[in-house]
Structures are given as C-alpha cells and as structure tokens.
Amino acid sequence: DSGDSISERQEWRPVVYRRCTDTLWLLLFCLFWAGLMFISGYAVVAGAAERLVLGYDSFGNICGRKNTPVEGANLSGLDMTNKKYVFFLNSCSLEIQRLKISSLSLCVSSCPQQQLSSLEDLQSFARNNGSFLCVYNLNVSSYTLNPKAAQLCPTLPVPPSKSFPLFNRCVPQNPECYSKYASVLISMVNEMDVFQRILSGILAGRDTVIGLSVLALAFSLILVLAFRFIQTLLVHTLIALVVFGLLFVSGILWWLHYDYRNDPSTELETEKENVKFLLGYAIFSTIVTVVLLSLTFVLRKKLQIAVQLFRIVGKIVGRIPFLLFQPLWTFLILIMFWVFWVAVLLSLGTAGTAESTSEGQVEYRALSGICYMVWYHFIGLIWTSEFILACQQMVIAGAVVACYFNRNKNNPPPHPVLSSISVLFCYHLGTAVKGSFLITILRIPRIVLLCLYNTLNQKKNAKCLINCCFCWVCFQKSCLRCFNQHAYTTTAINGTNFCTSAKDAVCILAKNSAKLASISCFGDFLLFLGKVFVVCFTVFGGLMAFNYHRELQAWVVPLLLVGFFAYLMSHSFLSVFEVTADAMLLCFAIDMETNDGTAEKPYFVDQELLTFMSQSNKLTEGRKHRNARPFQDNEDGTELQPM
C-alpha cells in the first residue's frame, strides 16, 4: 500500500512513471499519412506540374523541353528546348471557352519587342531572331506566299510583348491589348481554386514577397529580444509604435485608394481590381485601428501587470535559452512540409490524359477521382500543420514544467528541451495528434463557409448568416486552441491521455479562473500588440514596394499574403512567451491547489512569482500563510498530490 501511495503522489512530477497516451490516434494518423503517400506517388506518376510552370502550346508540347508525341496530333512530340515562351496568335482578342483560352498558342524562342504590322514583318522577325510566330508546319519562306497564312499566323498587327515573370508567357504591352489579356487571365483565375489564385499572386510578385518576408522575420526577432529583456519604457515605446503604425498604414491605404480612383490612366482591369481591394483594406485597417486604440486606452493602466508577468517569463526563458529556437525549428519543418504539399498539389492539378482533337490539337482530360484526392490532400495540410504546432506547444510546456517542479531553483534540470522532446516522441505523440485533429475539425467548416460566401454573390441575407457562422466557428477554434494548450501542459505534468488531461485542467482552471484570467488576458493583449507592430510595418514596406508595379500586376493579393505571413511569423516567435506564460500559470494553480506552503507540503513556486501573483490578484486574508518563503533547498520534499 505504501508503494502504491508513493507512486500516486509522484504521478504529477514530470518525467516520472510515463506511459504511451492516445496510441490509437497515433496509429490513425500513420494510416492517414499512408494515404497521403499513396496520393503523392500517384501525383508524381500521373501529373505534369511543369505544364503549369513552363507552359505548353495547343499541340501538347511543353515549352523549354523535349516532348513525346501524342497519337493523332502531328505537331506534337517536338523538341522545344530553345523555345521557352508561350505566344498566343490572337493575344488582343482572347476568349474563354469551357475554361480554356480559345486562341491558338505556340512555343517561341523570344517575344516580339516591337509591333509587327504585316506578314513581311513576321518573316523578317523569324529570320533575324530565329523565333517563328506562325504554326510550326508553315515554312518561313511561305509566310507571304501561302494563301492560308492568315489563319496559320498571328492576327495583325502583332503588339509588342514581354515575357511574364516566371510563367514565361508573352504578355502584350499595348494598353488596350493588355487590358483584354489581363481580363481573360483574371476571369480564368476566378474559375480556379482559391489556392491557385493565391499561388498566382505569390509568383507574380515573388521577389518583393521574399524581401518583405525577410523583413517580417527581422521584426519578429527584434520583438523576441524585446520581450526577453522587457522593461516598462520598452512597453510604452511599443505601444507608441503600434499606434503610429496603425494610423500611418490606414492613412496610406486611404490615400492610395483616392489616388487610384481619381487617376485618369486607371483603365486596366488589374488597376481596377487594385482600387476595390484597397478600399476593402482601408476600411478593415480603420476598424482595427479604432478597436485597438480603444482597448489600449482602456487597458493602459493595467499593462504594468503584463510587464511584470513577462519579466518573470523572460527569466524562465533565460534559464532555458533553447526555447527561443523552437519557433525556428518549427518554422523550418513547416516550410519543408508546405513545399512538399504544394508540389504534390500542382502535380495533382495537372494529372490528366492527353487526347487529340479533330483539328490536330491536344486537350487534357482530368482523371476521375482527382477531386476527392485534392480534398484528402487539403485535410492533410491542415491536420499535419496543426500537429507540428501541437508538438512545439508540448515541447515548450514540458520544458517549463520540468523547471517549475524543481526544488532547487539554483540548479535547474539539465537539457530540459531535449528531455521534453524525448518524452514527446516516446510517449505523447498520440495526444498531439488528437488535439490537432480537433482543431482540424473546426477549420474545415470555416473553409466550407468561406467557399459558400464566395459562391453567393448576390444573396445578402445568406451572406450575413454565413458571416455569423464564420465568426462563431473562429471563436470556437480560438477557445479550443487555448483548451488544447492547457491539456498539453497537464499531459506533460501528469502523463495522462488527452481527455483525462483536459478534464483535470478544466477542474484546476475552474477553481482559479478569477485569479488567472485577468493576468493571462493582459499578457495576451500585449503579445497581440507586438504582432500588430510586425504586421503594420511589414505592410507599410509592402505598400511602398508594390506601388511601383501598378501596370504589370495586381499586387493586392501579394500584399494580403505578406500581411498574413508577417502575422504568422510574429505569432510563431511570440508563441514561446505565450505558451510559457500559460504553462507557468497552470503550474502555479496546481501548486496552490495541492500544497499549502508548510514544511510537509512546500510550494514549488519561487518567491518572485508568488509575490507577483499575490499582488496581482489581491489574495484574501485567509491565504496569508501562502506568502511563506518556499523551501527551495529541500530536494526531497513532498511531491504534488494527484487531483
């Protein structure tokens, strides 16, 4: 009996009496990934992602490489190694028929830089540049002699054109032709999946997006150092910068919208789309600015509590410096997974069989079942991403728990991060899988609601209902994410499965909700201001950079992506302080619940945290005995009791 009692008393101590938790969920996740591997192999075998990237002509030839012939298409199977650009014979009058561009397209070695007004000009351009703009089976010497040359050559006059960045398309530079050309591409994009539209935005302004992403990374690292050595003056400086950034970005957005709307040269479809998006950005930015300024004014006197909290959190991070590297490792793993996921998705999108038409051209028919594979692949993106983030949360929580429940505060446990990683991989991967699956379940309805919102263009009542449902799902997801974090911390302490840990965490937090809620709220608000700081100044840099490319690209989508990436980057790095603070407060609540500060049951908490919690929550006179100094040098003191 005494042995069982000791075992139970030690059950709350980290890295003691561990056992595997939620094993069936881990097995389910492995089976799910086996399905993802099957889809990936199928996509590699059946897909041709290079068709989307390099482009292809109307006869099934991929530009920039050697090709294999297609049965029934005489002009297929040509060597296009030196012909890297897609050229449309009727670039000024493109039309969409069954989601395909009706104009004949060819692979050419260079785009015409000057206008070509006659067949003689086409012939001279072909002889001087080696770029043949007529159908392949028409000899250069026959350009002016063949009576069918008008049907086999481009519509005259041929406008000057340049290659489109990365996609290697010859884009006409004549404003009227470019307007029609861009409108056709935009209309095609509207019929494409949301992901493909986002990908197009990234590729269109890839250089600027990469530069701004590096800028967001730099701002995030600066904020991490700021929160590590946080001081009161620094907090006021951060708040001033956030207020300035919000007002400045909102003003710039309204000014750009006014400038675009009243610019008489705004005729292209891309520029008109920029005006619409700028108006939406300006309204959204103004609303966020008003709300945050109001909250900052209301909570300005309470932010000192958050400063003291993060001063203590900073000392914990100082004892475990490798915690600061966790977001970097997580981010690198996420990047590798996302690159793999995008490559598989592109291959799935181009999986199809080549079939020749009666006119000798080639069309690609989508294979059956691809739609279901794409949805399965999409669920894999959400679930795996959330699983990686859950592993990061469990590693941080495990390291904080090991340091908190250590009697000798002057001698912290060696390598707490590595110990937490080993415990996670040996025992608790199933718990991370189960928690991430719950987040995935709430993310999928949000995606479906977003698709329905885009589908219902004119039904305002339905849109209003969908907006309400969307906000409710987002609220539930945020609550569940916080709920999962406490469950992960309890698993790190007690070694129990997800459901048991969640129940125990809820019981502890319910008894201490009044004391912990306000402290956690102020801390989260200060962290959110830090994220807003990164987003504001990154978006400002994006506005200045993208504003110089008004004519050639719709830069509103890359700007949105830059803002999202900046928020994601800042959230990834600042989540170290958020998870550390939440884990520390939960450990404190458990410590207060199971110990009383006497010699028989001493506290694990150090004096600084105990004093801060007492001052912040104004503990009642009945708990004055808890202000006694903890026994820091007694390594053999009583362990925590099970709840």
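Mapping the sequence shown onto our numbering, position 461 (from 1) lands on 462, and the numbers just tick up by one.
Even glycine gets a Cβ: it sits at the ideal position worked out from N, Cα and C.
> Is the distance from the Cβ of residue 65 to the Cβ of residue 81 below 8 Å?
Replying inline: yes
>> Tell me the residue span of the alpha helix (DSSP H) that contains residue 405.
In response: The continuous alpha helix (DSSP H) containing residue 405 extends over residues 371–405.
> Per DSSP, residue 363 is paired with what?
Replying inline: 357
>> Using only the alpha-carbon positions, how far apart do residue 70 and residue 76 sit?
In response: 8 Å
> Nearest to residue 421 by alpha carbon, out of 443, 493, 485?
Replying inline: 493
> Could you give the distance in angstroms between the alpha-carbon of residue 78 and the alpha-carbon of residue 178?
Replying inline: 31 Å
> Around the C-beta of residue 370, are 16 or more other C-beta atoms found within 10 angstroms, so that it is buried, or is it exposed?
Replying inline: exposed
> Apart from the five residues on each side of it in sequence, which residues of its chain come closer than 6 Å, Cβ to Cβ, to residue 1?
Replying inline: In the structure displayed, the chain extends from 2 to 644; residue 1 sits before or after that span and is not available.
> Within 10 angstroms of its Cβ, does residue 243 collect 16 or more other Cβ (buried), or is it exposed?
Replying inline: buried
>> For the alpha helix (DSSP H) containing residue 53, name the first residue and the last one.
In response: 50–55
> Roughly how many angstroms lie between the CA atoms of residue 620 and residue 261, to the nearest whole one?
Replying inline: In this predicted model, residue 620 has a pLDDT of only 41, less than 50, meaning its place in the structure is not dependable; the value taken from the coordinates is given anyway. For residue 620 and residue 261, the distance between alpha carbons rounds to 58 Å.
>> Can you look up residue 170 in the DSSP assignment and give me helix, strand or coil?
In response: strand
> Count the other CB atoms within 10 Å of the CB of residue 319; is the residue buried (16 or more) or exposed (fewer)?
Replying inline: exposed
> Apart from the five residues just before and just after residue 575, which ones in its own chain have a Cβ nearer than 8 Å to its Cβ?
Replying inline: 221, 224, 225, 228, 528, 531, 532
>> Using a 10 Å radius around the Cβ and a threshold of 16 neighbouring Cβ atoms, would you call residue 427 buried or exposed?
In response: exposed
> Excluding five sequence neighbours on each side, which residues of the same chain lie with their C-beta closer than 8 Å to the C-beta of residue 19?
Replying inline: 424, 427, 428, 496
> Between the C-alpha atoms of residue 215 and residue 328, what's the straight-line distance to the nearest angstrom?
Replying inline: 15 Å
> Around the Cβ of residue 523, are there at least 16 other Cβ atoms within 10 angstroms (buried) or fewer (exposed)?
Replying inline: buried
> Can you tell which of 134, 121, 128, 469 has the C-alpha that lies nearest to the C-alpha of residue 91?
Replying inline: 134
> Expressed to the nearest angstrom, what Euclidean distance is found between the alpha-carbon atoms of residue 51 and residue 413?
Replying inline: 54 Å
>> I'd like the span of the alpha helix (DSSP H) that includes residue 507, first residue to last.
In response: 499–512
> Among the residues of its own chain, which have a CB less than 8 Å from the CB of residue 479, if the five just before and after it don't count?
Replying inline: none
> If you draw a straight line from the alpha carbon of residue 155 to that of residue 129, how long is it in whole angstroms?
Replying inline: So the two alpha carbons sit approximately 18 Å from each other.
> Excluding sequence positions up to five away, which residues of its chain have a Cβ less than 7 Å from the Cβ of residue 124?
Replying inline: 141, 144, 145
> With 16 as the cutoff for other CB atoms within 10 Å, does residue 415 come out buried or exposed?
Replying inline: exposed
> Are the segment 428–439 and the segment 497–514 touching, with three or more C-beta to C-beta distances below 8 Å?
Replying inline: yes
> Would residue 95 pass as a contact of residue 104 if the rule is Cβ separation under 8 Å?
Replying inline: yes
> Who are the Cβ neighbours of residue 21 in its own chain at under 6 Å, not counting the five residues just before and after it?
Replying inline: 428
> What are the boundary residues of the beta strand (DSSP E) that residue 163 is part of?
Replying inline: 162–164 is the extent of the beta strand (DSSP E) around residue 163.
> Looking at the structure shown, is residue 569 part of a helix, part of a strand, or coil, going by DSSP?
Replying inline: Of the three classes helix, strand and coil, the one that applies to residue 569 here is helix, per DSSP.
> So who's on the other strand from residue 106, going by DSSP bridges?
Replying inline: 89
> Under a Cβ-count criterion, where at least 16 other Cβ atoms within 10 Å of its own Cβ denotes burial, should residue 614 be classed as buried or exposed?
Replying inline: Per the 10 Å Cβ criterion, buried.
>> Considering just the uninterrupted stretch of the alpha helix (DSSP H) at residue 417, what are its terminal residues?
In response: 417–424
>> Considering Cα atoms alone, identify which of 37, 238, 102, 84 is closest to residue 164.
In response: 84
> For residue 351 versus residue 48, is the C-beta spacing smaller than 8 Å?
Replying inline: yes
> The alpha helix (DSSP H) with residue 316 in it runs from where to where?
Replying inline: 304–320
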